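There are 2 protein chains.
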Amino acid sequence: MKNFFEPENVALIGISRKSGPGSLNLMERMIQFGFPGRIYPVNPNAKEILGKKAYSDVRDVGEKIDLAVISSPRETTIRILEDCVVAGIRAAIVVNQGFTDADRRGNELQQKMVEITKREGIRILGPNTLGVVNNFNSFTTSFLPVIKERAPVGLICQSGIHMVAPAQFCGEIGKGVDLGNACDVGFYDALKYFGEDPDIEIIVIHMEGLTQGKAFFALASRLAKEKPIVIHKSGSSEIGAKAAMSHTGSMAGDYQLLKTALKQAGVTFLEEAGQMPHAVKALRYLPLMKGNRVAVITYSGGAGIMLSDEVDKYGLKLASLSPETIRQVAELSPDWMPLGNPLDIWPALMLHSAQKAFSVALRAVLNDPNVDGVICIAIAPVPELSHLEVSELLNRVVGEFPPSKPVIVWTYGPNAREVRKRYESKQRIMTYPTLEITAWALSVLSHRFKIIKQGA
Amino acid sequence: MKNFFEPENVALIGISRKSGPGSLNLMERMIQFGFPGRIYPVNPNAKEILGKKAYSDVRDVGEKIDLAVISSPRETTIRILEDCVVAGIRAAIVVNQGFTDADRRGNELQQKMVEITKREGIRILGPNTLGVVNNFNSFTTSFLPVIKERAPVGLICQSGIHMVAPAQFCGEIGKGVDLGNACDVGFYDALKYFGEDPDIEIIVIHMEGLTQGKAFFALASRLAKEKPIVIHKSGSSEIGAKAAMSHTGSMAGDYQLLKTALKQAGVTFLEEAGQMPHAVKALRYLPLMKGNRVAVITYSGGAGIMLSDEVDKYGLKLASLSPETIRQVAELSPDWMPLGNPLDIWPALMLHSAQKAFSVALRAVLNDPNVDGVICIAIAPVPELSHLEVSELLNRVVGEFPPSKPVIVWTYGPNAREVRKRYESKQRIMTYPTLEITAWALSVLSHRFKIIKQGA
């Protein structure tokens, strides 16, 4: 995989002479992205592309090429791959669609690709792929723009959308590979690469149809204890599985069977594609949760109840707070206030201040041996209520403790989006958009702890 | 309920002399909110509050008072309510906590309130409530800021958070009432008021424990065919139900039983509190879906598959697109492209343009008799890909048709949030943050159509 992620010399075969806005010119994108290596454009109809000499045939380049990226009509692909073999190239990405994702002819052509890779040993990524992105060396083969961030997260997917829309699908990624139809390079290859990659701490996978299954499972079972592997599998429904077939020619396989096997291997299995960014955020920034006992500190009784339902839904428990925790908050509360978990600090806040009520309560639950993780429900107030905003305070209190219990804040009100950023600024507290996801994120951290413990 | 929502003269009993930032002074809030009626502050320790003569006793006011809002320590509440009766007041809001939400003494005091309301006929809202908000006449009794919007949505809740954080919990609301501990004014009263209110088209309810159950069910069954009633019930878990008990003293009741009964009555029942704003948006702006057949038009094969899973999960089907629809898109696509539903227009877009591919596909499915609702998956591109942005085009195409099929766009990429606003600008297309919610929102519209049809 090194040729794919860390090439020095790249041939772009079938690259267009058109560049500029709207052209989706891969070579232009690659230069803009800051690739420090050498690029050799190949196009028989051009003498020069973007200021670089163009070759009419990849065999004419005469330099050692680490990677060929092929964007050309499907009928020309097999010949080009054979040319690559002659030119001594050991790795190729086939960008175009129209293979097992298409008709019978496409199937035949992809079968020929498989034969070439088996016979000649050239590794092929794709077809039907955006290829790779590696933000650690500013390399990408995606003709659509991708975001540059050196996050310790490696993505393996079968659809370009995951590389193009990380906010919706993966969270921040540092490296990514789109397997597309996966005629050769498959899930095992990519997992192995990220498993050995010191830049990568979390591996996220969007799978349409598993390839290299046996080797993948053996590796995943071993690797899952070292690095979190988070997987969403498309095709949980019959219609989804059918759609996967016509997208990447993937056999979706039996979803339930695969889910069970993946969970047994120790991966974090997601029921929803949209959960991925939330899982990555929790695993990247928060400590694991060493049990299932959650303390909820809340400004709002109503929200505390709704969160209780979610805590239960995701297999967690409301902690039985220690008498010492209750005592400390009771000292600030009216005599009539029944205190428990959720720990409703609104009456204490009205008698004293938001700062006082929240700091006492948060310190108490962080010290409480009956608590494994904390969720705070706090208002993100309009400016006239700024005395109720406690993002700085909560960060200060959490900063007094070693990172041994995850702390999540759920905040509501017209400024929630903006205030969430303040909570996350120290990377000690994380936030989520809904109460449901807040509880779910803790369950990911609790589940992950169990996986690692089983290995000890 | 008219006294609560449309009072002319309001007495504020136990109002503080402190005002300004951080004081949470209800009188100040009420004036800022633009209440055009008359306010009579009552506080024995003040001669004047915020420039208005203060009375030491509500019986001294000497004017007809429509509504008394009582914010005072719990031990004083019963005496004040009795004073209100003497003063001829027929409606009172008890803001303070410390009743059935608290200890035995609180229970006794609330029982005395119940006796007063039964004996004297004065209607009591609360205790433990922010009271009401009515954006149509600029009236609120909430000491926390609420958003001013004349949305045709009426909210009934038992926790102030729903009024304070509409973005997270209800979407936009035009009127709202927080029943709190619901010692007297209950779910039936509020439902009846909104049912008869021409300003209100959608009724949303966040319930901890149902009160006035028999009358409520009879009315809801009748009303649900005229106005959508959307309900989330807290306490789906045992721990949530227990927490509800100590929040508003509510008996949560058997969740499953209540859910079944509410669904039979024809309400839109939500499993998740966070779904409410999405349901309100769909019901407010989109036409109902007259069947369960969804057409998916997509830029991304991968997203189309993920959406197929969600369509199935929420009881909808992928429409079997008519031969005419397929023919029109096939004309733009490469020969090898297998076309179906999801309708993947990426290859057509690459051969022609985003504008061409999307307008042909969208017109075709809107004309297709096999389609009841449409989801479009479109990129929200970075500026250099602006030729792929089709929000204006899609609005134009949808505008050519009468509003008979709901059209939802799900858009991805770094600018998704901003581009979503453009899609929604004509109020014909709505957007949602995840594929899951997108499919779910259509299922709400399909379910609502069935409710109405059953009534015909």
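Residue numbers (our numbering), protein chains in the order written: chain A, 1 to 456; chain B, 1 to 456. For every residue, glycine included, the Cβ atom is placed at its ideal position computed from N, Cα and C. Quick caveat, the model's predicted, so the values are computed rather than measured.
Boundaries of the beta strand (DSSP E) in which residue 336 (chain B) is found, first to last residue: Element bounds for residue 336 (chain B): n/a, residue is neither H nor E.
C-alpha distance - residue 62 (chain A) paired with residue 415 (chain A), whole-angstrom precision: Whole-angstrom Cα-Cα distance: 60 Å.
Reference residue 315 (chain A), options A:436, A:453, A:277, A:206, closest by Cα: The candidate whose alpha carbon is nearest that of residue 315 (chain A) is A:436.
Option nearest residue 167 (chain B) by Cα separation, candidates A:432, A:453, A:412, A:395: Put simply, of A:432, A:453, A:412, A:395 the residue whose alpha carbon is nearest the alpha carbon of residue 167 (chain B) is A:412.
is_contact[residue 304 (chain A), chain B] using C-beta, thresh 8 Å: Yes, residue 304 (chain A) counts as interfacial toward chain B.
The segment 188-208 of chain B contacting the segment 109-116 of chain B, beta-carbon criterion three pairs below 8 Å: The segment 188-208 of chain B, when compared against the segment 109-116 of chain B, does not touch it at the 8 Å Cβ threshold.
Minimum Cβ-Cβ distance from residue 412 (chain B) to chain D less than 8 Å: The structure shown contains no chain D; its protein chains are A and B.
CB contact below 8 Å: residue 313 (chain B) versus chain A: Flagged as an interface residue toward chain A: residue 313 (chain B), by a C-beta distance shorter than 8 Å.
In DSSP terms, what residue 157 (chain A) is bridged to: A:178, per the DSSP bridge assignment.
Residue nearest to residue 362 (chain A) in terms of C-alpha spacing, selected from A:339, A:312, A:379, A:298: Nearest to residue 362 (chain A) by C-alpha distance, out of A:339, A:312, A:379, A:298, is A:298.
Residue 309 (chain B), DSSP secondary structure in three states: Here DSSP, grouped into helix, strand and coil, assigns residue 309 (chain B) to helix.
8 Å Cβ cutoff met for residue 69 (chain B) and residue 131 (chain B): Yes, these two residues count as a Cβ contact at 8 Å.
Member of B:312, B:101, B:174 whose CA lies at the smallest distance from the CA of residue 234 (chain A): Selection B:312, B:101, B:174 evaluated against residue 234 (chain A) yields B:312 as nearest (Cα-Cα).
According to DSSP, residues forming a beta bridge with residue 382 (chain A): Residue pairing for residue 382 (chain A): DSSP places it in no beta bridge.
Own chain, CB closer than 6 Å to residue 326 (chain B), minus 5 neighbours either side, in chain order: Within the same chain, and ignoring the five residues on either side of residue 326 (chain B) in sequence, the residues whose Cβ sits closer than 6 Å to its Cβ are 339.
Proximity winner among B:289, B:124, B:13, B:187, relative to residue 53 (chain B) (alpha-carbon distances): Closest by alpha carbon: B:13.
Beta-carbon spacing of residue 173 (chain A), residue 191 (chain A) below 8 Å: No, Cβ-Cβ distance for residue 173 (chain A) and residue 191 (chain A) is not below 8 Å.
Buried or exposed by the 16-neighbour rule on C-beta atoms within 10 Å, applied to residue 389 (chain A): Buried, since its Cβ has 16 or more Cβ neighbours within 10 Å.
Anticipated Cβ contact below 8 Å, residue 220 (chain B) with residue 265 (chain B), distance rounded: Right, their Cβ atoms sit about 5 Å apart.
Counted within 10 angstroms of its Cβ, other Cβ atoms place residue 108 (chain A) as buried (16 or more) or exposed: Exposed, by the Cβ-count rule.
Cβ of residue 456 (chain A) within 8 Å of any chain B Cβ: Note that residue 456 (chain A) has pLDDT 46, beneath the 50 cutoff, so the model's placement of it is unreliable and the number below is only indicative. Using a Cβ-Cβ cut-off of 8 Å, residue 456 (chain A) does not count as an interface residue toward chain B, since no Cβ of chain B sits closer than that to its own.
Residue burial classification, residue 251 (chain A) (beta-carbon count within 10 angstroms, cutoff 16): Looking at its Cβ environment, which holds fewer than 16 other Cβ atoms inside 10 Å, residue 251 (chain A) is exposed.
Contacts that residue 338 (chain B) makes with chain A (C-beta to C-beta distance below 7 Å): Chain A residues near residue 338 (chain B): 102, 103, 246.
Helix, strand or coil at residue 94 (chain B) [DSSP, three-state]: Here residue 94 (chain B) sits in strand by DSSP.
Whole-number beta carbon distance between residue 124 (chain A) and residue 85 (chain A), since they are thought to touch under 8 Å: Not quite, the Cβ-Cβ distance comes to about 11 Å (not below 8 Å), so this is no contact.
Chain A residues whose Cβ lies nearer than 8 Å to that of residue 272 (chain B): Correct list: 434, 436.
Chain-ordered residues of the segment 308-334 of chain B with a beta carbon less than 8 Å from chain A: Taking 8 Å as the Cβ-Cβ cut-off against chain A, the residues of the segment 308-334 of chain B that qualify are 308, 309, 311, 312, 313, 317, 318, 334.
DSSP-derived helix/strand/coil call for residue 323 (chain B): Residue 323 (chain B): helix per DSSP, three-state reduction.
Rounded Cβ spacing between residue 185 (chain B) and residue 153 (chain B) (contact assumed at less than 8 Å): Contact annotation, residue 185 (chain B) with residue 153 (chain B): C-beta distance approximately 19 Å; criterion of less than 8 Å not satisfied.
Between the CA atoms of residue 57 (chain B) and residue 41 (chain B) - distance to the nearest angstrom: Roughly 9 Å between the two C-alpha positions.
Cutoff 8 Å: residue 278 (chain A) Cβ touching any chain B Cβ: Not flagged as an interface residue toward chain B: residue 278 (chain A), since no C-beta distance is shorter than 8 Å.
Contiguous alpha helix (DSSP H) assignments of at least 4 residues, all confined to the segment 231-269 of chain A: The qualifying runs are 238-248, 255-265.
Own chain residues within Cβ distance below 6 Å of residue 292 (chain B), not counting five before or after: For residue 292 (chain B), where only same-chain residues beyond five positions count, the Cβ hits under 6 Å are 316, 317, 446.
Cα-Cα separation, residue 29 (chain B) to residue 209 (chain A): Per the coordinates, the alpha-carbon of residue 29 (chain B) lies some 58 Å from the alpha-carbon of residue 209 (chain A).
Alpha-carbon spacing of residue 391 (chain B) relative to residue 97 (chain A), whole angstroms: Looking at the two C-alpha atoms, the distance is approximately 26 Å.
Close beta carbons around residue 403 (chain B), own chain, < 6 Å, minus the five adjacent residues each side: Closer than 6 Å at the Cβ level, and outside the excluded window around residue 403 (chain B), lie 287.
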